[in-house]
Every structure is written in structure tokens, then in C-alpha cells.
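S.K.: Just so we're aligned, residue 6 is where the sequence shown starts under our numbering, counting upward by one.
No residue lacks a Cβ here, since even glycine has one placed at the ideal position from N, Cα and C.
The structure follows.
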Amino acid sequence: MSSMEKKKKKRKRKTGTTTAPLLPDDLLLSCFARVSRLYYPTFSLVSKRFRSLIASPELYKARSLLGNTEKFLYLCLRSHPPSLLYNLCLKPSQTLINEKGKSSVSVLATVPIPSSPSAHFQGLVAVGCNIYNIKETPCMEEENKEELSSNVSILDCRTHTWREAPSLPVKLLTLSASVLDTKIYVSGIGYKDGDSWGFLKNTFEVFDTKTQIWDPETIPCSETKCSFFNSKSAWIDGKFHVMANKVVAYNSKEVRWDMVGQEMGKYMNSDTYCVIENVLYSASKGVLRWYDSEVSRWKYLKGELRKLSLGDCVRLADYGGKLAVLWEEDLVGDKKILCAEIALERRKIEREIFGKVEWFSDVLTVPNSCSIVKVLAVTL
Numbered sequence: 006m007s008s009m010e011k012k013k014k015k016r017k018r019k020t021g022t023t024t025a026p027l028l029p030d031d032l033l034l035s036c037f038a039r040v041s042r043l044y045y046p047t048f049s050l051v052s053k054r055f056r057s058l059i060a061s062p063e064l065y066k067a068r069s070l071l072g073n074t075e076k077f078l079y080l081c082l083r084s085h086p087p088s089l090l091y092n093l094c095l096k097p098s099q100t101l102i103n104e105k106g107k108s109s110v111s112v113l114a115t116v117p118i119p120s121s122p123s124a125h126f127q128g129l130v131a132v133g134c135n136i137y138n139i140k141e142t143p144c145m146e147e148e149n150k151e152e153l154s155s156n157v158s159i160l161d162c163r164t165h166t167w168r169e170a171p172s173l174p175v176k177l178l179t180l181s182a183s184v185l186d187t188k189i190y191v192s193g194i195g196y197k198d199g200d201s202w203g204f205l206k207n208t209f210e211v212f213d214t215k216t217q218i219w220d221p222e223t224i225p226c227s228e229t230k231c232s233f234f235n236s237k238s239a240w241i242d243g244k245f246h247v248m249a250n251k252v253v254a255y256n257s258k259e260v261r262w263d264m265v266g267q268e269m270g271k272y273m274n275s276d277t278y279c280v281i282e283n284v285l286y287s288a289s290k291g292v293l294r295w296y297d298s299e300v301s302r303w304k305y306l307k308g309e310l311r312k313l314s315l316g317d318c319v320r321l322a323d324y325g326g327k328l329a330v331l332w333e334e335d336l337v338g339d340k341k342i343l344c345a346e347i348a349l350e351r352r353k354i355e356r357e358i359f360g361k362v363e364w365f366s367d368v369l370t371v372p373n374s375c376s377i378v379k380v381l382a383v384t385l
């Protein structure tokens, strides 16, 4: 065959090839919405188009409509000078050997989130796919009061970008925030309008995350008969509980504050607590406990928990009905952050709650200067 004939044959072969049509965006979004978000980083590497679809709000709307949302842990660390925020993701391609020698997919990868503002435990809350960072206002000189602001920042966990939200309507020296449904309830102590920091009062504010508006009607706190200074808060039995020098609960139906026994606040003197399915849990002094509100008494969390050697700095989170536990372990020059997932079983006859460690592993090594602020579970 001559060279001319070979060229003609090659040209015919080229003109005969056809390109497969591109799948429409709607179909791709429907496919992505049915797959675990753990695989999205891999999909994003395929093409710019895939990367754009993965980052689109429409994808998360489709996931929500399909009921295919997942819980993801976000870890906030305090360092010097800024705060560090990490997304803790399961690695689907790796395995971890559990106590019984069986393989598990529960290995975590850390994804750092840049430009995270300073944060503290009581001002960080998660609502849906967002993390809210509500800042206290530091006590400053009278002449600098005009510059004070109680800023609220929102981290969109779908895109890992921060944006500003409406500021608190009052300046709070200390605060504690808790979530019920789609509203954020903030108790704290601030100065009276027109007065100096020497005249402080209790404050209770409500923020609607759907409308992005602070409730203009302030809930009165004069009848609480205790100070909200450095208080802790939690929603239990449909009431907003504030733990300070006394424990009080706000009854929203009857619009009143009730005194509660001091026992509830016994193991909430540190930031080692969370609420899961209306039950308050604590890891104070490295011991896992739960509060039985029917008998007003703290009880030990029973079960297979002996392998968890928790230190003083422990943080808890509601991880889709399970208990996520993160704690620190000192190394030479560094410290290790460990994470465990505990399944919970409530036995009504025995009036006890049993925990079973499904997996645990170290997730991060950081300098000794870092410390855990809080761990939050976000729905994506």
C-alpha cells in the first residue's frame, strides 16, 4: 500500500469517529446527589465542569430532597494567634482495624479551612450546613466603646467560605449560645444602654437562621435572680437551661424562668458537654456521664469504654445520634488529637445508657501550643 493510500485510510478513520454527547447538568447533579460527599474531592479533579457542579448550591438542595444528607465533624483549635478549623472527613479508600480485628472504613482525614476568625466554645454552634461564630465583646475603655461590635460570622461548610451575619443587637461581655431547630438562643451579660461596663445586666437574644434576623422583642431576664456571667447553656426537655452560679430554665410556652436544682450544673463547669436526643452528656475530668432529668441525677455511661483513656481536654458532639469524643494526648514537643465514635443504647428498664466504641483513631498532630476549642457536627 502506497503512502498516499495510507493517509487516505487514516483520514477516513478520523472522520468516522464520533464524540460521545455530554451528560446534561441536571442528570449529573442527580447522580452526584446520590453519592457520598466523601467522594466529591475526587470528582472535582475530573474537570472544571465537575468542580463547578460539586460546589453548586443546587447539588445540596438535591441531596436534601433525596434525604441523602450526611453528618461531618468540624474541629476548632486555638493556636497563636488565630483559630484553626479542620473538616474531619472519613477516608473511603482506607481501613482501620477495630477491637475485633475486623476492618472498618472509619479513618479520618483533616482538611484545613483558611482564614478562620478567633472563636470560643460558647460562641460556636452548627445549624444545618453552617457554623455560626458569635463573638463576645471585650471590656474596653469608655472612649473606645464606639468601636465595639459583637460580630457574627458564618462558615458555609459546602464551600468553606466565611461571610458576615447581622451583629448581636447588644454588646455582651460573656455569652453562651445553643440551638433549637433553626434558631440560635444566646444568653449572656452586657452593659445597660447608655451605661458603662460597671452596670451589667443579663440578656437573652434569639436569632432566626432562616430569616437572618435577631428577634426585636427581648426576653426579660430580671426574674432569673442569678448572673449569666461565664454561664453554660443547653436545651433540655424543651427548656433553655442556663448554668452559672445557679441553674435556671426558660419556659417559652409559659414565658417564665424557673429555678432548677444545682445538680445539673455539677459536671458542666468545663466545656466538655453536649446534648444528644434530649440527653445531656459530660466528659468532665475525663469521665463520661449522662444526666437523668427525671431523677435529677448524673449517671456513668456504661458499656465497653475501658480502652478510651481520656484526658482533661475532651470535647463532645452529637454525631447523628452517636457520641463523638475528641481528646488530646501529649507527645514530645507536640500533641495528638484522637477521635472516637460511640454508639448509644438507652435501656429504659434499667434506667441506664450504654455506650459501645465503634472505632477510635488519632486524627491530627499539632504543636503543644494548640488546644481543642470545640467539635461540631454539620449536615451536608
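Check K258 in the structure and name its three-state DSSP category.
M.R.: coil
S.K.: Please give the ranges of any beta strand (DSSP E) in the segment 279-363, keeping only runs that are unbroken, at least 3 residues long and fully inside the region.
M.R.: Within the segment 279-363, the runs of beta strand (DSSP E) that reach at least 3 residues and sit entirely inside it are, in chain order, 284-287, 294-297, 302-305, 307-309, 319-324, 327-335, 339-352.
S.K.: Can you give me the start and stop residues for the alpha helix (DSSP H) that I59 sits inside?
M.R.: It spans 53-59 - the alpha helix (DSSP H) in which I59 sits, taken as one unbroken run.
S.K.: Below 8 angstroms, how does it come out for the segment 222-241 and the segment 177-195: are there three or more Cβ pairs, yes or no?
M.R.: yes
S.K.: Based on DSSP bridge pairs, tell me the residues matched to F77.
M.R.: V383
S.K.: Which one of V380, C226, N283, Y286 has the shortest CA to CA distance from M264?
M.R.: C226
S.K.: Whose C-alpha, out of Y45, D186, S275, is nearest the C-alpha of C94?
M.R.: Y45
S.K.: Based on the DSSP secondary-structure assignment, which residues constitute the bridge partners of K237?
M.R.: M248
S.K.: With a threshold of 16 other CB atoms inside 10 Å of the CB of A345, please say whether the residue is buried or exposed.
M.R.: buried
S.K.: For the putative contact between D323 and C279, defined by C-beta atoms under 8 angstroms, what is the C-beta separation to the nearest angstrom?
M.R.: 6 angstroms
S.K.: Excluding the five sequence neighbours on either side, which residues of its own chain have a C-beta within less than 6 angstroms of the C-beta of F245, listed in chain order?
M.R.: If we look at F245 and ignore the five residues flanking it on each side, its Cβ neighbours are Y190, Y255.
S.K.: Roughly how many whole angstroms lie between the Cα atoms of L50 and S57?
M.R.: 11 angstroms
S.K.: Sort D161, L177, N135, S172 by Cα distance to E141 and report the nearest one.
M.R.: L177
S.K.: To which residues of the same chain is H85 closer than 8 angstroms at the C-beta, ignoring the five residues directly before and after it?
M.R.: S374
S.K.: Taking the C-alpha atoms as reference points, what is the distance between K340 and R83?
M.R.: 13 angstroms
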